[in-house]
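Numbering (this note's numbering), first residue to last: 229 to 388. To keep things clear, I will list the structure first and then write my remarks on it.
Here it is in structure tokens:
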């Protein structure tokens, strides 16, 4: 298994991993729902993110394909804040059959190294409240809660 940065050639496998992540997380909250028939639009988002200068998609490459994915972004905020060079860890997934084998730690290590090299002075992420395994993993990597990300669905407008 190797950790590497994803390329456009990986798009179909990246999309498969992303769908697996969303499918698993739908049990945690409806915000993770997506329209499987919208694969063209969803793949376009992945293609755009692959091209962003401050975003990297780290993948765990196995003998027969991709086993894991971690999407990270480097962002610079207001210099008036103590911490303003943020490394943000977005989507993270390791295929279920390969969990607890160090792939998540390896993906995080590569992502952290890249974000540090970019100049990040802190790392942030969000983890589903109803995902105790995910929370335990991130806490084992040194993360601690700082805020609660909250959301409230609104009624759909009549034209939708």
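Here a beta-carbon is modelled for each residue, glycine too, at the ideal position from N, C-alpha and C.
Pairwise C-alpha distance: residue 295 and residue 325 = Take the alpha-carbon of residue 325 and the one of residue 295: they are about 9 Å apart.
C-beta atoms of residue 419 and residue 303 nearer than 8 Å | An answer regarding residue 419 cannot be provided, because it is not within the stretch 229 to 388 covered by the chain.
Whole-angstrom C-beta distance between residue 299 and residue 277, which should lie under 8 Å | Rounded to the nearest angstrom, the Cβ distance from residue 277 to residue 299 is 7 Å, consistent with a contact under 8 Å.
Report yes or no: do three or more beta-carbon pairs, one from the stretch 331-338 and one from the stretch 304-313, lie closer than 8 Å?
-> In short, these stretches do not touch, since the Cβ pair count stays below three.
For residue 316, which residues does DSSP report across the bridge?
-> Paired residue(s): 301, 352.
What's the C-alpha gap between residue 356 and residue 363?
-> Cα-Cα distance, rounded: 8 Å.
Between residue 271 and residue 292, which are expected to be in contact by the criterion C-beta below 8 Å, what is the C-beta distance as a whole number of angstroms?
-> About 21 Å separates the beta carbon of residue 271 from that of residue 292, a gap too long to meet the 8 Å contact definition.
Can you check whether the CB of residue 288 is closer than 8 Å to the CB of residue 231?
-> Contact annotation: residue 231 and residue 288 have beta-carbon atoms nearer than 8 Å.
For residue 309, count neighbouring Cβ atoms within 10 angstroms of its own Cβ and tell me buried if that reaches 16, exposed if not.
-> It counts as exposed.
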